Amino acid sequence: MKNKAVPNVSKLNGRNTTRNDGQGRHRAPGVRIAVDEGPISDLLGSPDGGLLLAANYGRDSVSVIDTDTWRVTGTVAGLGEPFSIAMDGLGDRAYVSIVSPACDAIAVIDPHANSVVATHPLEHHVTGLAASLDGSRVYATRNGRDRADLAVLETATGRVAAVGLPTAPHATAECVRIGPDGARLYLAANGPDGGQLLIMRATDAPRPVATVGIGMPIRDVALSPDGALAYVASCAPDEGAVVDAVDTRTHRITGTRKVGDVRGMLTGLTVSADGARIYLIGDTGITVLAAPTLDVVGAVAVTDHPSCVIESPDATWLYVADQCGAVTVAPVRSSAWQGAPDAATEGLPAHDAVWREPALV
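The numbering of the sequence shown is the UniProt record's numbering, which starts it at 1 and goes up by one.
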């Protein structure tokens, strides 16, 4: 992200968050970008950190946010119930799972022109997307009537190949992630006996490499920046939430942490840009764990009903999307800011915002 001067706060599509939520709980300050397109189902940043894409599930649109000005610069409309977003390694194309009365599909978006450049229909119900680094392939986990599979879309030709998953009958696929080097896929599948992390080669015909059993149904998977660890978030009504760290070389679980309070129902998991933090997203808050020890170290309190959270590529800013149709920007705590609070204010609107506290509380 460039250190571009930010205009007056009045020009932002939002305002400052408050410091108290009315229930006596502290809330870290931040700038609220009012997307105003309903609940945000997914949030993705471009590789260079210059853009954010927000999927607005209830309004059938994707909003494009400029991170230099923190303003919504465009909206791509006509996308039925967008749920999951993926992007190639250059940030030239974004891929969005959408729904129509006839079928699910993958819409291809040019995020710089705010336009749809292609649409690829798919059978079955799409639950997650991942794109190859060069954008030549998009991988989609799908659930059919009695089976789950992986669809591989060749973006140049539109050809779709279906790859069966080594799962039990009636298992479902939850999500798919791609390693930072683009060589491996990590799929979450859930069946009668719990969850499985499926590791596959990321080719035009993916082949299974290993299967790691997870005791409870998996909600999300995220990779460390170096790809050495896969973090798996799972939960069950009687057991609460659990995070497992899986060594991607040995395919063994190297650490497990049961998290007592994830602030509501567990909905997602992300890893910080520097690999030092894990964010567990609940429907009423975000719990922060240290990586790779999995110790609970804090919480993010910038909005009441978060849906997604990501960090900027330089691990400076935290972006939290919510169910009210807004994205809140807050500084991430770092050792560089401790004892020097003014460092956290650089490049931020100065008229209304007082940036003295990080997002982690």
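Don't be surprised by glycine CBs; every beta carbon is placed ideally from N, CA and C. All of these numbers come straight from a predicted model, not from anything done at the bench.
Given that a residue counts as buried once 16 or more other Cβ atoms are within 10 Å of its Cβ, and exposed if not, what is residue i?
i: Cys235; result: buried
i: Thr270; result: buried
i: Leu90; result: exposed
i: Met87; result: buried
i: Val332; result: buried
i: Ala273; result: buried
i: Val212; result: buried
i: Thr172; result: buried
i: His170; result: exposed
i: Glu37; result: buried
i: Gly128; result: buried
i: Pro82; result: buried
i: Asp42; result: buried
i: His305; result: exposed
i: Arg263; result: buried
i: Thr203; result: exposed
i: Arg207; result: exposed
i: Thr303; result: buried
i: Ser132; result: buried
i: Ser100; result: exposed
i: His124; result: buried
What is the DSSP secondary structure of residue i, counted as helix, strand or coil?
i: Arg147; result: coil
i: Arg252; result: strand
i: Gly58; result: helix
i: Asp322; result: strand
i: Gly164; result: strand
i: Glu37; result: coil
i: Thr328; result: strand
i: Asp220; result: strand
i: Thr316; result: coil
i: Ala140; result: strand
i: Thr172; result: strand
i: Leu153; result: strand
i: Leu133; result: coil
i: Asp181; result: coil
i: Asp226; result: coil
i: Arg32; result: strand
Roughly how many whole angstroms lie between the Cα atoms of residue i and residue j?
i: Thr167; j: Ala189; result: 7 Å
i: Glu239; j: Gly194; result: 13 Å
i: Leu243; j: Ala233; result: For the sequence presented, residue 243 should be read as Val rather than Leu. When rounded, the distance between both Cα atoms is 5 Å.
i: Ile163; j: Ser307; result: The residue you asked about is not Ile; residue 163 is Val in the sequence shown. Those two C-alpha atoms are separated by around 30 Å.
i: Val320; j: Arg145; result: 34 Å
i: Gln323; j: Val117; result: 28 Å
i: Thr284; j: Leu294; result: 21 Å
i: Ser46; j: Ile214; result: 31 Å
i: Asn114; j: Val76; result: 6 Å
i: Leu266; j: Thr287; result: 10 Å
i: Ala291; j: Val329; result: 22 Å
i: Ser136; j: Asp48; result: 20 Å
i: Gly268; j: Tyr95; result: 20 Å
i: Leu79; j: Val35; result: 16 Å
i: Leu165; j: Ala148; result: 7 Å
i: Asp220; j: Asp226; result: 18 Å
i: Pro192; j: Ala107; result: 33 Å
i: Ala130; j: Val176; result: 6 Å
i: Leu54; j: Ile109; result: Before going further, note that residue 54 is Ala rather than Leu in the sequence given. Their backbone Cα atoms lie some 12 Å apart in a straight line.
i: Trp70; j: Gly282; result: 25 Å
Is there a Cβ from chain B that is less than 9 Å from the Cβ of residue i?
i: Gly144; result: Of the protein chains in the structure, only one exists, and it is not chain B.
Alpha helix (DSSP H) segments (min. 4 residues) lying fully within the region 183-215: Whole alpha helix (DSSP H) segments, 4+ residues: zero.
Runs of beta strand (DSSP E) lying entirely within the region 46-129, each at least 3 residues, in chain order: As far as the region 46-129 is concerned, its whole beta strand (DSSP E) runs of at least 3 residues are 51-56, 61-66, 71-77, 85-87, 94-99, 104-110 and 115-122.
Unbroken stretches of the beta strand (DSSP E), 3 residues or longer, contained in the region 228-310: You should have 229-236, 240-247, 252-259, 266-271, 277-282, 286-290 and 296-300.
Three CB pairs or more closer than 8 Å across the region 177-186 and the region 140-147: Verdict: no, contact absent.
The region 297-310 / the region 247-260 touching (three or more Cβ pairs under 8 Å): Three or more Cβ pairs closer than 8 Å define a contact, and the region 297-310 falls short of that threshold against the region 247-260.
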